[in-house]
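Here the structure is laid out as structure tokens; the discussion comes afterwards.
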Amino acid sequence: MDSGLLFSFLVVDLLLVCVPGADWAYVIATALRGARVPRAVAGLVCGYALHTALAAAGLAVLVAGSPRLLTVLTVLGAGYLLLLGWSVLRRPAAPEAGEAAPAGGRPFLRGATISGLNPKGLLLYLSVLPQFLTLRGAHLPVPAQTAALGLLHMACCAAVYLTVGVLARALLSARPAAARAVTRTSGAAMLGIGAFLLVERLATL
């Protein structure tokens with residue numbers, strides 16, 4: 237692949253990943269609850285690995301062209317965000333609360349569900365990523381190029397989200413009131429994004 241295209245995609249992708257959204261809200265809430273941020277981030281990245289596999293296999297186009305399937309994915313993702321956001325608002329975390337971190341793979345599974353069921357992530361692969369593919373005269377076939385760009389997106393997500401989690405824990409660990417406020421904001425963001433996705437999809441029916 238052309239190095240210029242790779243660099244351009246990296247710049248655009250980093251700008252998109254750095255815009256706060258449901259992923260940011262989940263990572264911040266996880267960090268303030270004392271759970272393992274790397275597990276949560278690994279789950280988010282795993283969800284985007286699913287999107288990458290779908291795009292590389294050509295299934296993303298099939299999903300985008302099926303209004304019913306896209307509606308189902310949107311409703312599932314929006315419903316999960318609403319549920320998770322409400323649970324965060326009901327129990328805002330504070331560093332000194334002594335609340336035990338979720339056991340097992342819960343942070344990982346929640347992260348994978350949030351990003352895996354996010355139809356906006358799938359549409360990102362459909363609308364942004366194809367602009368950086370070389371369709372003619374390329375040394376790599378299109379599926380391989382798609383997989384490479386998808387891996388680059390996953391690496392950007394991992395770097396940004398780990399940084400967000402570490403900074404959230406470091407800056408708010410000694411500020412319980414601020415931690416609760418940020419957690420509530422994260423929960424409200426999940427509710428808002430979930431409601432927006434739900435209304436937007438239902439309005440197209």
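Per our numbering, the sequence shown runs over residues 237 to 441. Each residue gets a CB set at the ideal place from its N, CA and C atoms; glycine is no exception.
Here's a check: name, in chain order, each residue in its chain whose Cβ is nearer than 6 Å to the Cβ of residue i, leaving out the five neighbours to either side.
i           : result
residue 425 : 261
residue 246 : none
residue 414 : 408
residue 249 : 389 and 392
residue 347 : 276, 279 and 280
Kindly indicate which residue of the options has the alpha-carbon position closest to the one of residue i.
i           : options               : result
residue 453 : 379, 325 and 370      : The chain is shown from 237 up to 441; residue 453 falls before or after that span and cannot be answered.
residue 284 : 412, 405 and 349      : 349
residue 400 : 380, 422 and 379      : 422
residue 293 : 322, 273, 358 and 344 : 358
residue 444 : 325, 354 and 345      : Absent from the structure is residue 444, since the part of the chain shown begins at 237 and ends at 441.
residue 440 : 266, 304 and 256      : 304
residue 389 : 321, 432, 368 and 417 : 368
residue 417 : 432, 264 and 255      : 264
residue 238 : 249, 384 and 314      : 384
residue 419 : 346, 268, 243 and 248 : 268
residue 289 : 256, 253, 319 and 380 : 380
residue 446 : 405, 243, 321 and 402 : Here the chain comprises residues numbered 237 to 441, so residue 446 is not present and cannot be evaluated.
residue 254 : 437, 396, 316 and 363 : 396
residue 252 : 406, 410, 363 and 411 : 363
Could you spell out the range, first to last residue, of the alpha helix (DSSP H) harbouring residue i?
i           : result
residue 376 : Where residue 376 is concerned, there is no enclosing alpha helix (DSSP H), given that its DSSP letter is neither H nor E.
residue 364 : No alpha helix (DSSP H) contains residue 364, which DSSP labels as neither H nor E.
residue 282 : 273–293
residue 418 : 412–439
residue 270 : Segment: none, residue 270 is in no alpha helix (DSSP H) and carries neither H nor E.
residue 255 : Segment: none, residue 255 is in no alpha helix (DSSP H) and carries neither H nor E.
residue 345 : 342–352
Can you list, in chain order, the residues of its chain with a C-beta nearer than 7 Å to that of residue i? Leave out the 5 residues immediately preceding and following it.
i           : result
residue 291 : 361, 365, 382 and 386
residue 394 : 277 and 281
residue 312 : 353
residue 343 : 266, 271, 272, 275, 276 and 279
residue 243 : none
With a threshold of 8 Å on Cβ separation, who are the neighbours of residue i within its own chain once the five nearest residues in sequence on each side are excluded?
i           : result
residue 318 : 426, 427, 430, 431 and 434
residue 402 : 267 and 273
residue 404 : 263, 264, 267, 268 and 418
residue 445 : The first residue shown for the chain is 237 and the last is 441, placing residue 445 beyond what the model contains.
With hydrogens ignored, establish whether the beta-carbon of residue i is closer than 7 Å to any heavy atom of the ligand COA.
i           : result
residue 366 : Of the ligands one can find in the structure shown there are none, so the ligand COA has no counterpart to examine.
Contact the segment 267–278 vs the segment 360–377: 3+ CB pairs below 8 Å
no
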